[in-house]
Amino acid sequence: MAGDSGCCTTADDGAESDQQQPLILERVDKDAGKSCQTVVRNRLKKHCSCTPEKIKSKVLDFFPVLKWMPHYKLRDWLLGDAMSGLIVGILLVPQSIAYSLLASQDPIYGLYTSFFSSIIYTLLGTSRHISVGIFGVLCLLVGQVVDRELALAGYLTESISSNDSAVLLAGQGNDSVWLDCDRSCYAITVGATLTFTAGVYQVLMGIFQFGFVSVFLSDSLLSGFATGASLTILTSQVKYLLGLKIPRPQGWFTLFKTWFSLFTSLGNTNICDLVTSLVCLLILIPTKEINDRFKAKLKAPIPFELFVVIIATLASHFGHFNTEYGSSVAGEIPTGFLPPQLPLWSLIPNVAVDAFSIAIVGFAITVSLSEMFAKKHGYTVDANQEMYAIGFCNILPSFFRCFTTSAALTKTLVKESTGCQTQVSGLVSALVLLLVLLVIAPLFYSLQKCVLAVIIVVNLRGALRKFTDIPRMWRINRVDASIWLVTMMTSSLVNTELGLLVGVLVSAFCVLGRTQQVQVLELGQASSREHYEDLSSYRGLHTHPGVAVFRYEAPIYYANQSLFKRSLYSRVGLDPVKEKTRWIKFQKQKKKKKSKQEEVANMKSEKEAEAEATEIVTLMLDEESRRNLRSIVIDCSAILFLDTAGVNALKEVRKDYEEVGVKVVLAQCNTSVLDTLERGGYYPDTRGDDGGEKKIIFFTIADAVRYVQSLSAPNGDCDTRC
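Heads up: the sequence shown is residues 87 to 808, going by the working numbering.
Here it is in structure tokens:
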């Protein structure tokens, strides 16, 4: 605390003087500031030096599989990994085909995506349990971009056959490229380019160690975003359930546009698709509930989805649903792999913004699930390495006509519950998908799209159940519930990508808003020890005559420094600014009346002026004497940081109160606050007998209280060097 150091004692009370001296601690000397050249040189030396040990460490960090694979416990882990990998692989087959529909892609590309991502994450990921592959929210985001680019390229509706070739102008401006490409070809070109761009963003964030950004995406934000996207996904699949051929609307408010199109097209409903959808829903919803209810007793969930896909495909094939009733089917699914191709570079500017939001969502979901299961099973994950892993799960597969991937909660839960120990299970799932890609895929030719839509809708149950948790969320924390509601409503009703941005902004404003609502608290001392707490919250606390102790439980910065001063002046009951204004006004009135009385020589007026002056001074003194306030102690223990405005606010408080005769001192400042006060010039130059600069720092409230009491003690002050 700035000021002449001193604790008041008497000569006959030396022992008590020792007890009343403030606590003195010596700060550790800080290193002198280094030049930019030195800092850059040290960084380059640290990160660019090349030794065999460092190379080995970097390789092992980048390929975590090289760390845990040599220590793989074959007897203990292989059976669980094989079982979980087999089950997840079986579940991935229908879901990969179904979610391809959501991403506006042909079924084969969903199988490619799940296959490559399972292998790459096994090599690069640090989580032992998450399942990386197709995720509904990302498929929705990809599908929206693909449909937009298809519309810009001239494919306005899905009624154009994928077999109809078209010469197509891709891109805009000087980088336009002519492609001989049909609708399906261009759709996956857009999806792969978008995926490549998102993967590059994720890898760059990993290089620059931006893994910490995941902490800014709270659970309530991600949950609200996923639920809002789920409503959009549900709406987008209704047209397949009804067998309607309507284009996906673009821009904002797609939910309303889609439902309007659905209601106006109800007369064109395909009865075959509608009946098939209802039958599949009646089968899958109860059976999925059975799996959820008895998952603790079942060694593995029963793959009802696969059974439904097989039965529906057989029924469609032998019933000729496509030719006889006009039902939409998956169509030809080729076997094997297509040769790799580069992304369409001219499309990157068109999809760059969309790719960034997709990169953030994919990374946030992957890291959240990784950390959740790592904490549950007692190991750690590296957020930056997860960024690399999910980034390369997008970059490398994009050359093989894949679209964006991330971790998926449902498949991760299945993977964990079926005995998964390591990512070897991901390799087993990849083998199942490889078998499908090489042999079985063409058998799904007659699979109806409405069946795939049913699979997507049924898998939305978990996200949609969040609506039943709204009352509980509201009771627990209204701020988090508000963030959830705003994010959900924006994502579903306005725009999916905008929902994520709005959720982040609302979360930030909620944090700032909390600092705008903090009020100064008056503290009292416990009767049995030197501990101070809020007078309005605890009984049995007492105050000190002439000394008031206050606490502010928030940082003091540019946004709340005015609120801090108003709140403090209100709690003290003495506003020094108003007191000074009243005194100045009184002086002006006195001077004016004195001049007037000299002119008219009216003694009565002079007496009235003196009486009015006496009344004003008495009013001022009465207000101060009501509290008998001589000193204020501000407890800064809850002030995490100050900025320049915060330092200036404390300066103004001290100066204003000193002008009305009230001493202000600070107590329990952390080192960061002390350094900011020092740099901001809060401490005036006070010289001791030796000419050196002196200031008092109070580490306890009790020391500060004893110090200000000593300043007004009737027996004088005694100098105490601090």
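Heads up, the beta-carbon is just placed ideally off N, CA and C, and yes, glycines get one too. Given the structure is predicted, the values throughout are model-derived calculations rather than measurements.
{"Item": "According to DSSP, is A753 part of a helix, a strand, or is it coil?", "Value": "strand"}
{"Item": "Does the Cβ of W431 have 16 or more other Cβ atoms within 10 Å, making it buried, or fewer, making it exposed?", "Value": "exposed"}
{"Item": "Here's the rule I'm using: 16 or more other beta-carbon atoms within 10 Å means buried, otherwise exposed. How should T554 be labelled?", "Value": "exposed"}
{"Item": "Starting from V633, trace the beta strand (DSSP E) in both directions and tell me its first and last residue.", "Value": "V633 to R637"}
{"Item": "Would you verify that the beta carbon of G766 is, or is not, closer than 8 Å to some beta carbon of chain C?", "Value": "Structure shown: chain C not included; a single protein chain is present."}
{"Item": "Quick check on R765: buried or exposed, where buried means 16 or more other Cβ atoms within 10 Å of its Cβ?", "Value": "exposed"}
{"Item": "Applying the 10 Å Cβ sphere with the 16-neighbour rule, what's the burial state of N581?", "Value": "buried"}
{"Item": "Pull the bridge partners of I642 from the DSSP assignment, please.", "Value": "L728"}
{"Item": "Hey, how far is the Cα of S484 from the Cα of M575?", "Value": "32 Å"}
{"Item": "Measure the C-alpha to C-alpha separation of V794 and K749 and round it to an integer number of angstroms.", "Value": "7 Å"}
{"Item": "Please list, in chain order, all residues of the same chain as F407 whose beta carbon is under 6 Å from its beta carbon, the five residues on each side excluded.", "Value": "C358 and S413"}
{"Item": "Look up Q603 in the DSSP assignment and say whether it is helix, strand or coil.", "Value": "coil"}
{"Item": "Closer than 8 Å is the cut-off here; do at least three beta carbon pairs connect the region 280-296 with the region 308-318?", "Value": "no"}
{"Item": "Quick one: Cα of A438 to Cα of F302, how far?", "Value": "22 Å"}
{"Item": "From what residue to what residue does the beta strand (DSSP E) around D147 run?", "Value": "No beta strand (DSSP E) contains D147, which is instead part of the alpha helix (DSSP H) from P138 to F148."}
{"Item": "Check V114 in the structure and name its three-state DSSP category.", "Value": "coil"}
{"Item": "Which ranges would you report for the beta strand (DSSP E) in the region 164-223 if only whole runs of at least 3 residues count?", "Value": "none"}
{"Item": "Going by DSSP in three states, H617 sits in which element: helix, strand or coil?", "Value": "coil"}
{"Item": "Could you tell me whether the region 325-343 touches the region 600-615, using the rule of 3 or more Cβ pairs below 8 Å?", "Value": "no"}
{"Item": "Return yes when the Cβ of N436 is within less than 8 Å of the Cβ of F282, no when it is not.", "Value": "no"}
{"Item": "When burial is assigned at 16 or more other CB atoms within 10 Å of the CB, is F202 buried or exposed?", "Value": "buried"}
{"Item": "Could you check if R113 is buried or exposed, using at least 16 other CB atoms within 10 Å of its CB as the buried criterion?", "Value": "exposed"}
{"Item": "Answer yes if the region 358-374 comes into contact with the region 221-232, meaning at least three C-beta pairs across the two stretches below 8 Å, and no otherwise.", "Value": "no"}
{"Item": "Taking all protein chains shown into account, decide if F380 is buried (16 or more other Cβ within 10 angstroms of its Cβ) or exposed.", "Value": "exposed"}
{"Item": "Where I50 and L187 are concerned, what is the direct C-alpha to C-alpha distance, given to the nearest angstrom?", "Value": "A query on residue 50 cannot be resolved here, the shown segment of the chain reaching from 87 to 808 and no further."}
{"Item": "Please classify R792: is it buried, with 16 or more other beta-carbons within 10 angstroms of its beta-carbon, or exposed?", "Value": "buried"}
{"Item": "Do you know whose CA, among K741, V537, L210 and I194, lies nearest A475's CA?", "Value": "L210"}
{"Item": "Which same chain residues, not among the five before or five after G610, have their C-beta less than 6 Å away from its C-beta?", "Value": "L621, L627, H628 and T629"}
{"Item": "Using the rule of at least 16 other Cβ atoms within 10 Å of the residue's Cβ for burial, across every protein chain shown, is V719 buried or exposed?", "Value": "buried"}
{"Item": "Using alpha carbons as the reference points, say which of T490, A401, E608 and D268 lies closest to F530.", "Value": "A401"}
{"Item": "Specify the secondary structure class of G610 as computed by DSSP and reduced to three states.", "Value": "strand"}
{"Item": "Sort L280, T275 and L499 by Cα distance to L177 and report the nearest one.", "Value": "L499"}
{"Item": "Take L570 and list the residues in its own chain whose beta-carbon comes closer than 7 Å to its own, dropping the five residues that flank it on each side.", "Value": "Just to set this straight, residue 570 is Trp in the shown sequence, not Leu. Here the set comprises S306, S309, G310 and M559."}
{"Item": "Secondary structure at V746, three-state DSSP: helix, strand or coil?", "Value": "coil"}
{"Item": "So, at 7 Å on beta carbons, what are the nonlocal neighbours of T585 in its own chain, with the 5 sequence-adjacent residues on each side left out?", "Value": "The amino acid occupying residue 585 in the given sequence is Gly; Thr does not appear at that position. Cβ neighbours of G585 beyond the five flanking positions: F311, G314, T573, T576 and S577."}
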